[in-house]
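Enquirer:
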Amino acid sequence: MSVLVSGASFAGLSAAYWLAEIGEQVTVVERNPAVRRTGAPIDVRGDALGVAADMGILDAITANRAKTAHRTAFTTWVDAGGKPIGALPTEAATDSADDIEILREHLVDIMHAALSPDVEFVHGDWIADVDDVGSAVEVTFVHGAPRRFDYLVGADGMHSGVRRLVFGPEADYRHHLGAYMVIVPLPAGTGVATQSVMYNTPGRSYGISDFTDLVIGYLSFRSPEIEYDFHDVEEQKKIAIDALGDDPNWYVPMLMEHIRESDEVFFDSLSQIRMPGWSRGRTVLVGDAAHATSPLSGRGTALAMLGGHFLAKELQAAAGDPVSGFAGYEKRLRPYADRAQDGVPEALGFMLPATAEALAERNRRFPVDPRR
Ligand SMILES: Cc1cc2nc3c(=O)[nH]c(=O)nc-3n(C[C@H](O)[C@H](O)[C@H](O)COP(=O)(O)OP(=O)(O)OC[C@H]3O[C@@H](n4cnc5c(N)ncnc54)[C@H](O)[C@@H]3O)c2cc1C
Numbered sequence: 000m001s002v003l004v005s006g007a008s009f010a011g012l013s014a015a016y017w018l019a020e021i022g023e024q025v026t027v028v029e030r031n032p033a034v035r036r037t038g039a040p041i042d043v044r045g046d047a048l049g050v051a052a053d054m055g056i057l058d059a060i061t062a063n064r065a066k067t068a069h070r071t072a073f074t075t076w077v078d079a080g081g082k083p084i085g086a087l088p089t090e091a092a093t094d095s096a097d098d099i100e101i102l103r104e105h106l107v108d109i110m111h112a113a114l115s116p117d118v119e120f121v122h123g124d125w126i127a128d129v130d131d132v133g134s135a136v137e138v139t140f141v142h143g144a145p146r147r148f149d150y151l152v153g154a155d156g157m158h159s160g161v162r163r164l165v166f167g168p169e170a171d172y173r174h175h176l177g178a179y180m181v182i183v184p185l186p187a188g189t190g191v192a193t194q195s196v197m198y199n200t201p202g203r204s205y206g207i208s209d210f211t212d213l214v215i216g217y218l219s220f221r222s223p224e225i226e227y228d229f230h231d232v233e234e235q236k237k238i239a240i241d242a243l244g245d246d247p248n249w250y251v252p253m254l255m256e257h258i259r260e261s262d263e264v265f266f267d268s269l270s271q272i273r274m275p276g277w278s279r280g281r282t283v284l285v286g287d288a289a290h291a292t293s294p295l296s297g298r299g300t301a302l303a304m305l306g307g308h309f310l311a312k313e314l315q316a317a318a319g320d321p322v323s324g325f326a327g328y329e330k331r332l333r334p335y336a337d338r339a340q341d342g343v344p345e346a347l348g349f350m351l352p353a354t355a356e357a358l359a360e361r362n363r364r365f366p367v368d369p370r371r
């Protein structure tokens, strides 16, 4: 059967790999002219490690793991002067010692290299409209000529265009968790020497994570939903600086300077996508498009990889009936997605305590380990 996959990140690449493995004719359409390579490192963990092994890419992932070996804790919390006052032990933030943290660009390259050469890629285009005619989907593109596919896989992230076209507006499914996140790349050697360090004030966090080859600032603040233009990065920077920039302590002025100057600032709501069903007719969603958990779960990438695998296996078992294959896929993956989403409020509580009392309680609960 022919399938169109919209989105070429972890969910799209996993779906493309596994659907090609079961003999489908796969076309991938990716809106960006090239696959997004920058951003915070991500985790391959839990059952996704088995999926990676079955794809033959586990050794490459292991060989390219992010350089975190010298970290004394997953995150060390510091006061305004930089003195450690609490630490989240690595064991509290990971599934097992087998979890692998890897730079986004490395995982994208590794997954890409594993794909069958028969997978067709269309970069720089996206879907304008979808018409499910019962026996197929007829797809109109913004640039290319219309095409017909047996089914459509939406793997285009939390702000999925496929979801909007087929299931309805984002507002029906996206749940703002009451906070925003800002990520900014920093120059190597920014001063935290292979550690992940965070300074909090009530309702705000300022973090620096040093992976040797990549140093990133990651900041967040509590706020109700804000109206802004998703395409206007300067407006997003201003929102971030207005919300976070008036603190003269720790590395805050330096972080603000980089937010002001960088053209690679990432800004988004901490949100989850919660949907009653991940498929409609001949369209199915995988990855963040279906069940974004928020970066705080640390499981979004693993879920995306697992989703592509389960989808193909269930479609194969359904022997030519996509609708029942989609149902089987959702039944298998939903417990994983629910678990990942349900853990986020607690993580938000200790990464971004709302009050001075909650902050003090967090530091009491996770004291600095004197042995490290
Ligand atoms: C700041 C940040 C930190 C994170 N940290 C972690 C972490 O530590 N661990 C972890 O496991 N996960 C983390 N995540 C989550 C993880 O990045 C996502 O869960 C994961 O990338 C989801 O993969 P995906 O393929 O579903 O979506 P995405 O990675 O969002 O990819 C969607 C793809 O679709 C493309 N696209 C978008 N719109 C269209 C369109 N209309 N047509 C065609 N293509 C389109 C995009 O360009 C992109 O390539 C983090 C996320 C963020 C934002």
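Quick note: numbering that gives the first Met the number 0 has the sequence shown finishing at residue 371, numbered continuously throughout. Glycine included, every Cβ here is placed at the ideal spot set by N, Cα and C. Just so we're clear, the structure is a prediction, and the values are computed from it rather than from any experiment.
For Phe-166, name the three-state secondary structure that DSSP assigns.
Expert: helix
Enquirer: Taking 6 Å as the cut-off, does the CB of Ala-91 come closer than this to any heavy atom belonging to ligand 1?
Expert: No, since every heavy atom of ligand 1 falls outside the 6 Å radius drawn around the Cβ of Ala-91.
Enquirer: Have a look at Pro-145 and Glu-137 and give me their C-alpha separation to the nearest angstrom.
Expert: 7 Å
Enquirer: Just list the alpha helix (DSSP H) runs in the segment 55–92, keeping only unbroken ones of 4 residues or longer that don't cross its boundaries, in chain order.
Expert: 57–62 and 89–92
Enquirer: So if DSSP puts Ile-126 in a beta bridge, which residue, or which two residues, is it bridged to?
Expert: For Ile-126, which the question treats as bridged, DSSP gives the partners Phe-140.
Enquirer: Tell me where the beta strand (DSSP E) around Ile-41 begins and ends.
Expert: 41–43
Enquirer: If Thr-300 sits next to Ile-41, beta carbons under 8 Å apart, how far is it from one beta carbon to the other, in whole angstroms?
Expert: That belief holds up - the Cβ atoms of Thr-300 and Ile-41 are roughly 4 Å apart, short of 8 Å.
Enquirer: State buried or exposed for Ser-115, treating a residue as buried only when at least 16 other CB atoms are found within 10 Å of its CB.
Expert: By the 10 Å Cβ count, Ser-115 comes out exposed.
Enquirer: Determine whether the beta carbon atoms of Val-2 and Ala-154 lie at a separation below 7 Å.
Expert: no
Enquirer: Buried or exposed, going by whether 16 or more other CB atoms sit within 10 Å of the CB of Ala-239?
Expert: Here Ala-239 is buried: its Cβ has 16 or more other Cβ atoms, across all protein chains shown, within 10 Å.
Enquirer: Can you tell which of Glu-20, Trp-76, Glu-29 and Asp-94 has the C-alpha that lies nearest to the C-alpha of Gly-297?
Expert: Asp-94
Enquirer: Find out if the Cβ-Cβ distance for the pair Leu-218, Tyr-205 is shorter than 7 Å.
Expert: yes
Enquirer: Would you call the CB atoms of Glu-329 and Trp-277 closer than 7 Å?
Expert: yes
Enquirer: In the DSSP assignment, what residue or residues form a beta bridge with Asp-267?
Expert: Met-180
Enquirer: Less than 7 Å between the beta carbons of Val-107 and Val-129, yes or no?
Expert: no
Enquirer: When DSSP builds the beta bridges, which residues end up paired with Ile-99?
Expert: Val-43
Enquirer: Below 7 Å between beta carbons: does that hold for His-257 and Ile-272?
Expert: no
Enquirer: Within 10 Å of its beta-carbon, does Val-132 have 16 or more other beta-carbons around it, so buried, or fewer, so exposed?
Expert: Residue environment: Val-132 is assigned as exposed (fewer than 16 neighbouring CB atoms within 10 Å of its CB, all protein chains considered).
Enquirer: Counting along the chain, where does the alpha helix (DSSP H) carrying Leu-302 start and finish?
Expert: 299–316
Enquirer: At what residues does the beta strand (DSSP E) containing Gly-11 begin and finish?
Expert: No beta strand (DSSP E) holds Gly-11; the alpha helix (DSSP H) holding it covers 9–20.
Enquirer: Which residue wins for smallest C-alpha separation from His-122, given the options Gly-348, Gly-6 and Ser-270?
Expert: Gly-6
Enquirer: Is it buried or exposed, Ser-134, if we count other Cβ atoms within 10 angstroms and call 16 or more buried?
Expert: Answer is exposed; the Cβ neighbour count stays below 16.
Enquirer: Select from Phe-120, Ala-79 and Gly-49 the residue whose C-alpha is nearest the C-alpha of Ala-33.
Expert: Phe-120
Enquirer: Here's the rule: buried if 16 or more other CB atoms are within 10 angstroms of the residue's CB, otherwise exposed. What is Asn-362?
Expert: buried
Enquirer: Arg-281: which of Ser-270, Pro-252, Phe-229 and Leu-314 sits nearest, CA to CA?
Expert: Leu-314
Enquirer: Cβ atoms of Ala-346 and Leu-305: under 7 Å apart, would you say?
Expert: no
Enquirer: What does the alpha-carbon distance come out to for the pair Arg-279 and Gly-167?
Expert: 11 Å
Enquirer: For Ala-72, verify whether its CB is less than 6 Å away from any heavy atom of ligand 1.
Expert: no
Enquirer: Just mark Val-322 as buried or exposed, buried being the case when its beta carbon has 16 or more other beta carbons within 10 Å.
Expert: exposed
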